[in-house]
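Colleague:
Structure, rendered in structure tokens:
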């Protein structure tokens, strides 16, 4: 339905239209300039539609380490250099520490950097010192209502699912017969014989391997894997 509206609107420079989800389509334009013009086309708001270019199509995020916490970000921005890619912004990541059973987040020595373009640079220079840039991989998210990866319970549109058997939630909160056993447990995400919550660690390990491959071969990893 949405694709037919766009096709009939006569918007130029469209290569292909694909459906990618409920109420969402992917439009491939013939050039970057055409994509920018497409976003501002008045045909979209006329039909209560919104067009945008996904962030992973126009930028990449990486991290550098061993940057002293006493250095202010504004000071770092003035002295950091990237010969190949323009730096859009810099953030300092936090780390969690636990003292006497209480956890808190404190600044770490790791910086997250946004770069313009689709290729992550191998290095940047801070005070003329080279720092290796590694892909930024956020912690995967999981919904504790339907137990699928990629969103959180606050925005979940699916029915409640059982963590242990993968079926819809049990009536009157009856305990699942598989709870407390290692037998026949089914992961909702990959159908493996483990809890869906264990999928986070498995996914983190998978993304780390992808990160290492992308860094070695200097290839681009599709941004759909990097939810935040």
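In the working numbering, the protein residues as written are 2 to 229.
Cβ coordinates follow ideal geometry from the N, Cα and C atoms, glycine included.
(1) Once the 5 residues before and after residue 12 are set aside, which same chain residues still bring their CB inside 8 Å of it?
(2) Flag this pair as yes or no: are the beta carbons of residue 116 and residue 89 separated by less than 9 Å?
(3) Quick check: residue 15 and residue 25, are their CB atoms within less than 9 Å of each other?
(4) Just checking my contact of residue 136 with residue 121 at CB under 8 Å: how many whole Å lie between their CB atoms?
(5) Using the beta-carbon count (16 or more within 10 Å), is residue 154 buried or exposed?
(6) In three-state terms, what does DSSP make of residue 46?
(7) Determine, using beta carbons only, whether residue 93 and residue 68 come nearer to each other than 9 Å.
(8) For the candidate residues 105, 63, 145, 144, whose alpha-carbon lies nearest to that of residue 95?
(9) Under a Cβ-count criterion, where at least 16 other Cβ atoms within 10 Å of its own Cβ denotes burial, should residue 8 be classed as buried or exposed?
(10) Within 9 Å (strictly less), CB to CB, does residue 127 reach chain C?
(11) Below 8 Å on the Cβ atoms is my guess for residue 163 versus residue 177; work out the distance and round it to an integer in Å.
(12) Where does residue 37 sit, in a helix, a strand or coil, going by DSSP?
(13) Out of 186, 55, 118, 111, which one is the CA nearest neighbour of residue 127?
(14) What's the C-alpha gap between residue 71 and residue 108?
(15) What number of angstroms, rounded off, separates the C-alpha of residue 29 from the C-alpha of residue 46?
(16) Looking only at DSSP bridge pairs, what is residue 117 linked to?
(17) Go ahead and label residue 17 buried or exposed: buried means 16 or more other beta carbons lie within 10 angstroms of its beta carbon, across all protein chains shown.
(18) Say the cut is 8 Å; is the CB of residue 18 nearer than that to a heavy atom of the ligand NAP?
(19) Out of curiosity, what's the CA-to-CA distance linking residue 84 and residue 194?
Modeller: According to the structure data:
(1) The residue you call residue 12 lines up with position 11 of the chain shown. If we look at residue 12 and ignore the five residues flanking it on each side, its Cβ neighbours are 39, 42, 44.
(2) By one-based count along the chain shown, residue 116 stands at place 115. By one-based count along the chain shown, residue 89 stands at place 88. Cβ distance < 9 Å, so residue 116 and residue 89 count as in contact.
(3) The residue you call residue 15 lines up with position 14 of the chain shown. The residue you call residue 25 lines up with position 24 of the chain shown. Not in contact: residue 15 and residue 25 (Cβ atoms no closer than 9 Å).
(4) Along the chain shown, read from residue 1 onward, the residue named residue 136 stands at position 135. Along the chain shown, read from residue 1 onward, the residue named residue 121 stands at position 120. Right, their Cβ atoms sit about 6 Å apart.
(5) Counting from one through the chain shown, the residue named residue 154 turns up at place 153. By the neighbour-count rule (16 or more Cβ atoms within 10 Å), residue 154 is not buried but exposed.
(6) By 1-based counting over the chain shown, the position of residue 46 is 45. Of the three classes helix, strand and coil, the one that applies to residue 46 here is helix, per DSSP.
(7) In the chain shown, counting from the first residue as 1, residue 93 sits at position 92. In the chain shown, counting from the first residue as 1, residue 68 sits at position 67. Yes. Within cutoff.
(8) What you label residue 95 is simply residue 94 of the chain shown in a count that begins at 1. The option with the nearest alpha carbon to residue 95 is 105.
(9) In the chain shown, counting from the first residue as 1, residue 8 sits at position 7. With fewer than 16 other Cβ atoms within 10 Å, it is exposed.
(10) You won't find chain C in this structure, because it holds only one protein chain.
(11) In the chain shown, counting from the first residue as 1, residue 163 sits at position 162. In the chain shown, counting from the first residue as 1, residue 177 sits at position 176. With a Cβ gap of about 5 Å, residue 163 and residue 177 count as contacting.
(12) Within the chain shown, the letter at position 36 stands for residue 37. Note: residue 37 maps to helix in three-state DSSP.
(13) Walking along the chain shown from the start, residue 127 turns up at place 126. Among 186, 55, 118, 111, the Cα nearest to that of residue 127 belongs to 111.
(14) To locate residue 71, count along the chain shown from 1; it is residue 70. To locate residue 108, count along the chain shown from 1; it is residue 107. Distance between the alpha carbons of residue 71 and residue 108: 9 Å.
(15) Numbered from its first residue, the chain shown carries residue 29 at position 28. Numbered from its first residue, the chain shown carries residue 46 at position 45. When rounded, the distance between both Cα atoms is 19 Å.
(16) For the purposes of this step, residue 117 is taken as residue 116 along the chain shown, with counting starting at 1. The partner list for residue 117 (beta bridge, DSSP) reads 60.
(17) Position 16 of the chain shown, counting from 1, holds the residue named residue 17. The residue is exposed, with fewer than 16 neighbouring Cβ atoms inside 10 Å.
(18) With respect to the ligand NAP, the structure offers nothing, as it holds no ligand at all.
(19) The sequence position of residue 84 within the chain shown is 83, counting from 1. The sequence position of residue 194 within the chain shown is 193, counting from 1. Straight-line Cα distance between these residues: approximately 48 Å.
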